[in-house]
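For reference, the structure discussed in these notes is given below.
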Amino acid sequence: MHPFVSSVSFTSLLISIFYGGNLVMNQVISLGDLVSFIALIGMMTWPMMALGFMFTLMQRGKVSLIRINEILNAEDEVLEVPHGHKLEGSAISVRNLSFSYPGTMVKALDNISFNVNAGETLAIVGHTGAGKTTIVESLKVIFYSRSQ
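Per the numbering used here, residue 50 is the first one in the sequence shown, and the count goes up by one each step.
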């Protein structure tokens, strides 16, 4: 959009100079009138460009809002196990959990231990790549393999 607006601005300036110069030479308008008109065109360029940018930003914002609403209105994808077990009153105890992804010697989890008693909440925090998701996925695999 910016090159288009610049082209229109430059073209209007050229037309004003050539046509206005012709009018000045034929004494239809004064040189002051021509200079004032060219200054007016210069003062109108940036507001018109800003208006164009504003419409572009509004369109981008509208598309972004639609995408955000799609995410917020999405149905939860919680896995419902048909013959699942109720864990009310149960506790979870993990001792010395270690895990390495296939093809690597580096341990993603190394001797992780924790207890979560009935009614307690556990928060697993850490930087990106610390193994938070790996802990949860490991627990899911262990639980589902034992419950079958």
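C-beta atoms are modelled at their ideal positions from N, C-alpha and C, and glycine is treated no differently.
Are the beta-carbon atoms belonging to residue 73 and residue 63 less than 9 angstroms from one another? Within the sequence shown, numbered from 1, the residue matching residue 73 stands at position 24. Within the sequence shown, numbered from 1, the residue matching residue 63 stands at position 14. Result no, Cβ atoms of residue 73 and residue 63 do not sit closer than 9 angstroms.
Which word fits residue 184, buried or exposed, when buried means at least 16 other C-beta atoms lie within 10 angstroms of its C-beta? Counting from 1 along the sequence shown, the entry for residue 184 is found at position 135. By the 10 Å Cβ count, residue 184 comes out buried.
My parser needs the beta strand (DSSP E) runs of 3 or more residues fully inside the region 149–174; what are they? 156–165
Apart from the five residues just before and just after residue 5, which ones in its own chain have a Cβ nearer than 8 angstroms to its Cβ? Residue 5 is absent from the structure shown; the chain starts at 50 and stops at 197.
Cα-Cα separation, residue 174 to residue 103: Stepping through the sequence shown from its first residue, residue 174 is reached at position 125. Stepping through the sequence shown from its first residue, residue 103 is reached at position 54. Annotation: residue 174 to residue 103 spans about 40 angstroms, alpha carbon to alpha carbon.
In angstroms, rounded to a whole number, what distance separates the CA positions of residue 68 and residue 85? Along the sequence shown, one-based indexing puts residue 68 at 19. Along the sequence shown, one-based indexing puts residue 85 at 36. Rounded to whole angstroms, residue 68 to residue 85 spans 14 angstroms at the Cα level.
If you run the structure through DSSP and keep just helix, strand and coil, what is residue 78? Looking up residue 78 in the sequence shown gives position 29. In this structure, residue 78 counts as coil in the three-state DSSP scheme.
Is the region 50–61 close to the region 83–102, with three or more CB pairs under 8 angstroms? Judged by Cβ distances under 8 angstroms, the region 50–61 makes contact with the region 83–102, as three or more pairs qualify.
Is DSSP giving residue 139 helix, strand or coil here? As a working mapping, residue 139 is identified with position 90 in the sequence shown. Per DSSP, reduced to three states, the secondary structure at residue 139 is coil, with no helix or strand assignment.
Test item: CB-CB of residue 141 and residue 188 under 9 angstroms: Sequence index remark: in the sequence shown, residue 141 carries index 92 (1-based). Sequence index remark: in the sequence shown, residue 188 carries index 139 (1-based). Yes. Within cutoff.
Measuring alpha carbon to alpha carbon, tell me which residue in 91, 111, 178 and 97 is nearest residue 158. Mapped onto the sequence shown, residue 158 falls at position 109. If we check each option's Cα against that of residue 158, 178 comes out closest.
Three-state secondary structure (DSSP) of residue 71: The residue given as residue 71 occupies position 22 in the sequence shown. Reduced to three states, the DSSP call for residue 71 is helix.
Spatial neighbours of residue 152 within its chain, please: C-beta separation below 6 angstroms, excluding the five flanking residues on both sides. Position 103 of the sequence shown holds residue 152. If we look at residue 152 and ignore the five residues flanking it on each side, it has no Cβ neighbours.
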